[in-house]
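Beneath this line is the structure, given in structure tokens, with notes to follow.
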Amino acid sequence: MSTTLIAGGTVVSSTGRSEADVLIDGEKIVAVLAPGSTLLGHDLKSSVDTVLDAAGKYVVPGGIDAHTHMQMPFGGTEASDTFETGTRAAAWGGTTTIVDFAIQKYGERVMDSLQSWHDKADGECAIDYGFHQIIGDVNDDSLKAMEGLTGEGISSYKLFMAYPGVFYSDDAQIYKAMRVGAETGLMTMMHAENGPAIDAMVAELLAQGKTDPYYHGVARAWQMEEEATHRAIMLANLTGAPLYVVHVSAKQAVAQLAAARHNGQNVFGETCPQYLYLSLEDQLGAPGFEGAKWVCSTPLRSKLEHHQDHMWQALRTNELQMVSTDHCPFCMKGQKDMGVGDFSKIPNGIGGVEHRMNLIYQGVVDGKIPLERWVEITSTTPARMFGMYGRKGVITPGADADVVIYNPQGHTSIGLEKTHHMNMDYSAWEGFEIDGHVDTVLSRGRVIVDDNQYLGSKTHGQYLRRDPSQYLI
Ligand code: DUC
Ligand code: ZN
Ligand code: ZN
2 MSTTLIAGGT VVSSTGRSEA DVLIDGEKIV AVLAPGSTLL GHDLKSSVDT VLDAAGKYVV
62 PGGIDAHTHM QMPFGGTEAS DTFETGTRAA AWGGTTTIVD FAIQKYGERV MDSLQSWHDK
122 ADGECAIDYG FHQIIGDVND DSLKAMEGLT GEGISSYKLF MAYPGVFYSD DAQIYKAMRV
182 GAETGLMTMM HAENGPAIDA MVAELLAQGK TDPYYHGVAR AWQMEEEATH RAIMLANLTG
242 APLYVVHVSA KQAVAQLAAA RHNGQNVFGE TCPQYLYLSL EDQLGAPGFE GAKWVCSTPL
302 RSKLEHHQDH MWQALRTNEL QMVSTDHCPF CMKGQKDMGV GDFSKIPNGI GGVEHRMNLI
362 YQGVVDGKIP LERWVEITST TPARMFGMYG RKGVITPGAD ADVVIYNPQG HTSIGLEKTH
422 HMNMDYSAWE GFEIDGHVDT VLSRGRVIVD DNQYLGSKTH GQYLRRDPSQ YLI
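Residue numbers (the working numbering): 2 to 474.
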């Protein structure tokens, strides 16, 4: 097995930083040593197979994006990144693990849907991947199947309070599923928006001739997110189910989560880069049909109401625990343009798996979060939240050698003709400039990105069997 030494860098964890060398043997980290250490009896630099010079750079655990939708059938089309293109793009951006969603559709059996997601991903991924299970049809059969998920390495399932007629669960179904979640130790993940009320408002707006992408954001008002978040919290309280609310964008929803946490409830929340940087006015409200590029749900929120500042604040105060992307890309041509003249027909989703580590690092540069918190919310907490910590999310002996060498002196210009590897015909992040650069990425000891070159392969990524959330006792 080959040995690698990452030498002379600053190893950053969720709790601190130190100058250290990282020794890798095969797929695992085997030692974290003082720089130049001869503790192992010899000079490592001259005895290992490969030395990666990290002087002046940060050495951090590989990013974990716990919310992606590769090739997801949705909105009458399919998300444009396959497992191959999406995981390759993730690797480019320093993400070495994704957790994607297997989808049980209405009328389908849960284990059949899980098998079909394995079939899509197997042998196609540049990085390691796990699955959450979407339960799109809560019934006696699917409730029974939920009991078998942990045996499949799946410790979390997702319900939707939005999208009536597609993935929607009513309160009785949520109650029943949460009962199973509580009993089996599965984390309940929730898309918290009041779907029926949203659909009524969509119909009203369209009838008034308000068809532009901007009205997607109007229809999915923050009240719909706050109300659903509150309802999910109450149902979780009643059933004892641990709850994780996905893609939180409204400051009022954060307040609901914070109150529940203050109350001692096992409630968690993620936000996404789009809710930290983008807005209803600037992006969804772009001229003509341009706003379609940023149609996603939950929607971008008003900058006049300062939701974006609140999301950063919530990340600082741990009212929100982590950042995922909800990566669900669609091209403008042939996909988003299905909604010209009717915003409700625009497939919902934004691509971002490639840029999350950089975009959140920029928050460090801009003084929004400390460096260690960057590592925590993009890697360590996702690992703990979804039962991977120890193997992923940390640089320590015994962990998988998923490591990013990040250059704070480097620079990344994001854009279609600049840095962009996702399978999309536009970038939702066009023009963003990052004061840092992903120089080198290792996945289980193998260098997969180095010096602006992709060196990985689609057969490298392995399915990750996950344990229960490590935040639950
Ligand atoms: N929201 C999106 O924007 N896309 C995928 C599904 C979702 O809930
Ligand atoms: Zn969702
Ligand atoms: Zn999603």
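Backbone N, C-alpha and C define an ideal beta-carbon position, used for all residues, glycine too. Note that the coordinates shown come from a computational prediction; the quantities given were computed from them, not determined experimentally.
- Annotation for residue 136: 105, 111, 143, 147, 158, 159, 160, 170 and 178 place their beta carbon closer than 8 Å to its own, counting only its chain and skipping 5 residues before and after.
- Setting aside the 5 residues that flank it on each side, residue 180 is surrounded in the same chain by 240, each with a C-beta closer than 6 Å to its C-beta; the list follows chain order.
- In this structure, the alpha-carbon of residue 422 lies about 30 Å from that of residue 154.
- Segment contact: the region 16–31 against the region 63–79, fewer than three CB-CB distances shorter than 8 Å; contact not assigned.
- Of the heavy atoms belonging to ligand 2, at least one sits nearer than 7 Å to the Cβ of residue 247.
- Leaving aside the five residues that flank residue 301 on each side, the residues in its chain whose CB is nearer than 8 Å to its CB run, in chain order, 218, 250, 275, 276, 279, 280, 281, 284, 285 and 295.
- DSSP places residue 354 in the coil class of the three-state scheme, outside both helix and strand.
- Under DSSP, residue 19 takes part in a beta bridge, and its partners are 12.
- Going by DSSP, residue 176 is part of the alpha helix (DSSP H) stretching over 172–185.
- Just so you know, the alpha carbons of residue 202 and residue 210 end up roughly 13 Å apart.
- Between ligand 1 and the CB of residue 170, the shortest heavy atom gap is not smaller than 7 Å.
- Within a 10 Å sphere around the beta-carbon of residue 318 sit fewer than 16 other beta-carbons, which makes this residue exposed.
- If you check the C-beta of residue 217 against ligand 3, you find no heavy atom less than 7 Å away.
- Look at residue 114: its beta carbon is at least 7 Å from all of the heavy atoms in ligand 2.
- A distance below 7 Å between beta-carbons, with the five flanking residues on each side excluded, links residue 199 to the following residues of its chain, in chain order: 163, 220, 221 and 225.
- Residue 6 places its beta carbon less than 8 Å from that of residue 49.
- Burial check for residue 363: the Cβ neighbour count within 10 Å reaches 16 or more, so the residue is buried.
- Non-local beta-carbon contacts of residue 197 in its own chain, meaning distances under 6 Å to residues more than five positions away in sequence, involve 165 in chain order.
- Under the three-state reduction of DSSP, residue 134 is assigned to strand.
- For residue 43, the secondary structure class from DSSP, reduced to helix, strand or coil, is coil.
- By the Cβ neighbour-count rule, residue 311 is buried, with 16 or more other Cβ atoms within 10 Å of its own.
- Taking a contact to require three or more Cβ pairs closer than 8 Å, the region 408–416 and the region 386–397 do not qualify as touching.
- In the DSSP assignment, no residue is bridged to residue 386.
- In this structure, ligand 3 has no non-hydrogen atom nearer than 7 Å to the beta-carbon of residue 43.
- Relative to the Cα of residue 442, the nearest Cα in the group 45, 264 and 128 belongs to 128.
- Taking 7 Å as the cut-off, one finds at least one heavy atom of ligand 3 near enough to the beta carbon of residue 329.
- By the neighbour-count criterion, in which a residue is buried when 16 or more other Cβ atoms sit within 10 angstroms of its Cβ, residue 184 is exposed.
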